[in-house]
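Just add 3 to wherever you are in the sequence shown, counting from 1, and you've got the working numbering.
All C-beta atoms in this analysis are idealised placements derived from N, C-alpha and C, irrespective of residue type, glycine included.
It should be emphasised that the depicted structure is a prediction, and the values quoted were computed from it without experimental measurement.
Notes to accompany the following structure.
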Amino acid sequence: MLDNLKILFQIYYQPSRAFSAALDRGSLVFAAAAAVLVSLPMSAAIGIVPLAVLFVPAAIAIIAAWDVLGSTGVALRRDFAPLLICALMAAAAAFLPVALASLLGRFLLASPLTPVVLISAGAAALLYFLFLAIFALRAVTGTSAAHAAGAVGGGLAATVLGYFAYGTIGHFLYFLASPLVLICLFMLWRPDFSSLTSGLRSRQNFRRMLEASTLNPRDADAQYQLGLIYQQRHNYTEAMARFQKAVEIDPTEPGPHHQLGRIAREQGRYADAQRHLEACAALDDKHESSEIWRDLGATNLELGHTELALAQLEKYAQRREYDAEGQYWLGLVYKRLNRSAEAREAFERAIEAGSTAPPHRRRYTARWLKLARTELRR
4 MLDNLKILFQ
14 IYYQPSRAFS
24 AALDRGSLVF
34 AAAAAVLVSL
44 PMSAAIGIVP
54 LAVLFVPAAI
64 AIIAAWDVLG
74 STGVALRRDF
84 APLLICALMA
94 AAAAFLPVAL
104 ASLLGRFLLA
114 SPLTPVVLIS
124 AGAAALLYFL
134 FLAIFALRAV
144 TGTSAAHAAG
154 AVGGGLAATV
164 LGYFAYGTIG
174 HFLYFLASPL
184 VLICLFMLWR
194 PDFSSLTSGL
204 RSRQNFRRML
214 EASTLNPRDA
224 DAQYQLGLIY
234 QQRHNYTEAM
244 ARFQKAVEID
254 PTEPGPHHQL
264 GRIAREQGRY
274 ADAQRHLEAC
284 AALDDKHESS
294 EIWRDLGATN
304 LELGHTELAL
314 AQLEKYAQRR
324 EYDAEGQYWL
334 GLVYKRLNRS
344 AEAREAFERA
354 IEAGSTAPPH
364 RRRYTARWLK
374 LARTELRR
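Structure below.
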């Protein structure tokens, strides 16, 4: 109970870490109860149902198609309960100030909020919820901020359309209130209901097992695996702590150095990134199918070490010619060196590699495909 309350209030100042904690230790019952209690002063408890029935499934379906995460059915079984608990927590956090203001005006000031003020506050809370939902979706699926924002917008559109559809055909649904019908539907769909909630249980159980493994002071791999989980959720503070711990336990393991370098690059700390990536390359010249040289070359390009970046990226291109990201960075190096023909050729190879990538890789290649096309137009 107290842990879930802490997670709820942490959303206000550390949303990424809060939603990561909700996935690890959160209670779906607590999240639903908090959302319902917060909505009661505004007489909007029914809003919880569209959130679970429309918003969350629509957002998952959009991300599954956009990022090629598998079929919609598989994605729903895997991500429905995790995203639902995060969405309910986000709704409770977003509307809590409005609920408190409504109660304050009703019981302490003896002057309930006017409809205009209540509607304006509710609209602001809704916008804040959508903002928090982007963090929630990123924590659950690991998608980019742009894709998460698009999926949240799609979930909102599906919810609005659902309200209009309910206003048209809602009277046909009253027969579902029959106890006999409800029992029959529950028995028919019970396996599906169980599978929808299994995603959260499996995530939490897996995390607990990894956490238990970290009790062994010499198990660097457990720390590394936990770091990968936090990194996928964009919870970089926890991820870096786990990777650093793995390095302390086993300095000869290249993986933690590589991931620390990648996080440092994403945060714009290129000198730190260079240090970690060079340590990884020294330990394993072919780490992650030689991607270490691509990341190291891109980092040195950002630092202005163009000739060094050229040598590293050409080395990577010799080993993996059809990698969209590697060809894009190589094209940028050629461009900076005024080798226009070679730059054009590298960008064209990046486009070809991105266009012909298998479906499960297009989530990662789409960005480099777009950037390479932009460079060619320039």
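Here's the rule I'm using: 16 or more other beta-carbon atoms within 10 Å means buried, otherwise exposed. How should L185 be labelled? Walking along the sequence shown from the start, residue 185 turns up at place 182. With a pLDDT of only 47 at L185, under the threshold of 50, the placement of this residue in the model should not be trusted, and no figure is reported.
For my contact list, I65 and G153 are in at a C-beta cut-off of 8 Å; report their separation, rounded to the angstrom. For this step, residue 65 is matched to residue 62 along the sequence shown. For this step, residue 153 is matched to residue 150 along the sequence shown. Confirmed, about 7 Å.
Bounding residues of the alpha helix (DSSP H) (the contiguous stretch that carries N7): Within the sequence shown, the letter at position 4 stands for residue 7. Per DSSP, N7 belongs to the alpha helix (DSSP H) from L5 to Q13.
Identify whether S293 lies in helix, strand or coil by the three-state DSSP scheme. The residue labelled residue 293 in the question sits at position 290 within the sequence shown. S293: helix per DSSP, three-state reduction.
Hey, is A126 close to the ligand FAD, as in C-beta under 7 Å from one of its heavy atoms? For the ligand FAD, the structure offers nothing, since it holds no ligand at all.
Taking buried to mean at least 16 other C-beta atoms within 10 Å of its own C-beta, is R81 buried or exposed? As a first step, residue 81 must be located in the sequence shown, where it is residue number 78. Buried.
As a quick exercise: from Q270, R245 and E269, pick the residue whose alpha carbon is nearest that of G258. Here residue 258 refers to the residue found at position 255 when the sequence shown is read from its first residue. Of Q270, R245 and E269, the residue nearest in Cα terms is R245.
Residues of its chain near L335, where Cβ-Cβ distance is below 8 Å and the 5 sequence neighbours each way are ignored: As a working mapping, residue 335 is identified with position 332 in the sequence shown. Answer for L335: L304, A346 and E378, listed in chain order.
Using a 10 Å radius around the Cβ and a threshold of 16 neighbouring Cβ atoms, would you call P60 buried or exposed? For this step, residue 60 is matched to residue 57 along the sequence shown. By the neighbour-count rule (16 or more Cβ atoms within 10 Å), P60 is buried.
Mapping the DSSP letters down to three states, classify H279 as helix, strand or coil. For the purposes of this step, residue 279 is identified with residue 276 of the sequence shown, where counting begins at 1. Note: H279 maps to helix in three-state DSSP.
Run of the alpha helix (DSSP H) containing V39, from where it starts to where it stops: Taking the sequence shown and counting its residues from 1, one reaches residue 39 at position 36. Taken as a continuous stretch (DSSP letters only), the alpha helix (DSSP H) holding V39 covers L31 to S42.
Can you look up N219 in the DSSP assignment and give me helix, strand or coil? To locate residue 219, count along the sequence shown from 1; it is residue 216. Three-state DSSP puts N219 in coil, outside helix and strand.
Tell me which residues share the same chain as A161 and place their Cβ nearer than 6 Å to its Cβ, disregarding the 5 neighbours each side in the sequence. The residue you call residue 161 lines up with position 158 of the sequence shown. Counting only Cβ-Cβ distances below 6 Å, and skipping sequence neighbours, we find L57 and A61.
List the whole-angstrom C-beta distance separating A37 from A128, where the pair is believed to meet the contact cut-off of C-beta under 8 Å. As a first step, residue 37 is located in the sequence shown; it is residue number 34 there, counting from the start. As a first step, residue 128 is located in the sequence shown; it is residue number 125 there, counting from the start. About 14 Å separates the two Cβ atoms, so there is no contact after all.
Short check: CB of A242 to CB of A223, under 8 Å? The count along the sequence shown starts at 1 and reaches residue 242 at position 239. The count along the sequence shown starts at 1 and reaches residue 223 at position 220. It is not a contact, given that the beta carbons lie outside the stated cut-off.
Leaving out five residues before and five after D253 in sequence, what residues of the same chain have Cβ atoms less than 7 Å from its Cβ? For the purposes of this step, residue 253 is taken as the residue at position 250 of the sequence shown. So the qualifying residues of the chain are A223.
Can you check which of these residues, A24, Q235, N238 and L374, is closest to Q330 by C-alpha distance? Along the sequence shown, one-based indexing puts residue 330 at 327. Ranking A24, Q235, N238 and L374 by Cα distance to Q330 puts L374 first.
Rounded Cβ spacing between P18 and F138 (contact assumed at less than 8 Å): Here the question's residue 18 lines up with position 15 in the sequence shown. Here the question's residue 138 lines up with position 135 in the sequence shown. That belief holds up - the Cβ atoms of P18 and F138 are roughly 4 Å apart, short of 8 Å.
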